[in-house]
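Under our numbering, the sequence shown has 53 at position 53, and the numbering climbs by one with no breaks.
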Amino acid sequence: LAVSSSSPPECSFSSLVAGRLYSVVIVTRSGGLENTTVVQARTQPATVQNPTAVHAARGGFLKVYWR
């Protein structure tokens, strides 16, 4: 993936998976020289969907379900 020389340089990624750790390798070149940097970042976990709480009268506890 090539990044233009905008100021500041930036790059966007799409179709990432929630909660996954990604490593991004950044390579800079100038003349015949090259430098490499690696940065890691984790995407946010997915949002809880359809939470439901059910009270069990005989057990004195609460069950929570979600997707």
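Built from N, CA and C at the ideal position, the CB exists for glycine as well.
Judged by DSSP in its simplified three-state form, F61 adopts strand. If one requires a minimum length of 3 residues, no beta strand (DSSP E) run lies completely within the region 1-29. Where A46 is concerned, there is no enclosing beta strand (DSSP E), because DSSP gives it neither an H nor an E.
For A57 and V64, the gap between their C-alpha atoms comes out near 14 Å. Looking only at C11, R20, P8, the smallest Cα-Cα distance to A46 is reached by R20.
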